[in-house]
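S.K.: Okay, here's the structure, questions in a sec.
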Amino acid sequence: MHQERCFCSQIPKLELQTKLTLVIHSRELARTTNTGVLATRALTNSQVIVRGRVGEQLDFQKLILPHYTNLLLYPSPTAIELTADFISKTSHPIHLLVPDGNWRQASKVHYRYTELAEVPRVMIKAPSVTSPRLRPETTEDGMATLQAIAYAFGAIEGESVGGQLMRLYDLKLRLTLEGRGVRPQSSTKP
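Residues in the sequence shown are numbered from 886 upward in steps of one, following our numbering.
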């Protein structure tokens, strides 16, 4: 963001029991349209793991946390819908692993890293009606990483948390697109 569009002071600091691990592709770090890293700035119980660097091997086994219910946010055919009802049946705090990158990059995480094979996949069913978007989506129901995290945390931590994250996404969208000369409308609420 250009200095005149800086919104750092408006990023909420959400101290939650739910832990977020953003598994981001190295090429995604430099993209100005990335929203996943923005989520980690708002969620104090979060971390960023960078993958895709030449010569680096990551031990994803370290990402599987004891005393947490580890879940991978990925819409595979076997994924369970992430709802408040599903969350109410878990006995530990949630650790949500979220792949970040373009669709091709993010889709490789769920099968490329065998350490994650036993981690249950979860998905959200929320319409993405934001138009225009920060970047083109490969599917009609595609959404930015921060939008997906907002819907997921809305189910896990409640609508207030989801709403704060969605407002952060809306702010990023508005300021980015205004910089391009476009005036967007707000996205859907979680």
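C-beta: ideal position from N, C-alpha, C; glycine also.
1. Tell me the DSSP secondary structure of R938 in three-state form.
2. Roughly how many angstroms separate the alpha carbons of I934 and I909, rounded to a whole number?
3. Who are the Cβ neighbours of A924 in its own chain at under 6 Å, not counting the five residues just before and after it?
4. Measure the CB-CB distance between L905 and L1001 and report whether it falls below 8 Å.
5. Count the C-beta pairs between the region 891–899 and the region 1049–1064 that are closer than 8 Å, then say yes if the count reaches three, no if not.
6. Find the nearest neighbour of Q932 within the set Q942, V1046 and L950, judged by alpha-carbon distance.
7. I need the boundaries of the beta strand (DSSP E) containing L928, first residue and last residue.
8. Report the option in A964, L928 and I1041 whose CA atom is closest to the CA atom of V1004.
9. Hey, how far is the Cα of T929 from the Cα of G1047?
10. With DSSP run on the structure shown, which of helix, strand or coil describes M1051?
11. Count Cβ pairs between the region 1035–1054 and the region 933–948 that sit closer than 8 Å; are there 3 or more?
12. For G986, count neighbouring Cβ atoms within 10 angstroms of its own Cβ and tell me buried if that reaches 16, exposed if not.
13. Tell me which same chain residues have a C-beta within less than 8 Å of the C-beta of M1008, skipping the five on either side of it?
14. Short of 6 Å in beta carbon distance, which residues of its chain neighbour Y998, apart from the five on each side in sequence? Order them along the chain.
15. Going by beta carbon distance, what residues of the same chain come within less than 6 Å of Q1049, once the five residues before and after it are set aside?
16. Just to confirm the assignment, what range does the alpha helix (DSSP H) spanning T918 have?
M.R.: This is what the structure gives:
1. Reading the sequence shown from its first residue, position 53 is the one you call residue 938. Note: R938 maps to coil in three-state DSSP.
2. Mapped onto the sequence shown, residue 934 falls at position 49. Mapped onto the sequence shown, residue 909 falls at position 24. About 6 Å.
3. Along the sequence shown, read from residue 1 onward, the residue named residue 924 stands at position 39. If we look at A924 and ignore the five residues flanking it on each side, its Cβ neighbours are L1031 and I1034.
4. For this step, residue 905 is matched to residue 20 along the sequence shown. For this step, residue 1001 is matched to residue 116 along the sequence shown. Cβ distance not < 8 Å, so L905 and L1001 don't count as in contact.
5. yes
6. What you label residue 932 is simply residue 47 of the sequence shown in a count that begins at 1. Checking every option, the nearest Cα to that of Q932 belongs to L950.
7. In the sequence shown, the residue the question calls residue 928 occupies position 43. From DSSP, L928 is part of no beta strand (DSSP E); its letter is neither H nor E.
8. As a first step, residue 1004 is located in the sequence shown; it is residue number 119 there, counting from the start. Here the closest residue by C-alpha is A964.
9. In the sequence shown, the residue the question calls residue 929 occupies position 44. In the sequence shown, the residue the question calls residue 1047 occupies position 162. If you take the alpha carbons of T929 and G1047, they lie about 15 Å apart.
10. Stepping through the sequence shown from its first residue, residue 1051 is reached at position 166. M1051 falls in the helix class under three-state DSSP.
11. no
12. For the purposes of this step, residue 986 is identified with residue 101 of the sequence shown, where counting begins at 1. With 16 or more Cβ atoms within 10 Å of its Cβ, G986 is classed as buried.
13. Walking along the sequence shown from the start, residue 1008 turns up at place 123. Cβ neighbours of M1008 beyond the five flanking positions: L958, Y959, P960, S961, A964, I965, E966 and L967.
14. Against the sequence shown, residue 998 aligns to sequence position 113. Closer than 6 Å at the Cβ level, and outside the excluded window around Y998, lie F945.
15. Here residue 1049 corresponds to residue number 164 of the sequence shown, with the count starting at 1. The answer, listed in chain order, is P897.
16. Locating residue 918 in the sequence shown gives position 33, where the first residue counts as 1. Premise fails: T918 is in no alpha helix (DSSP H) and is neither H nor E.
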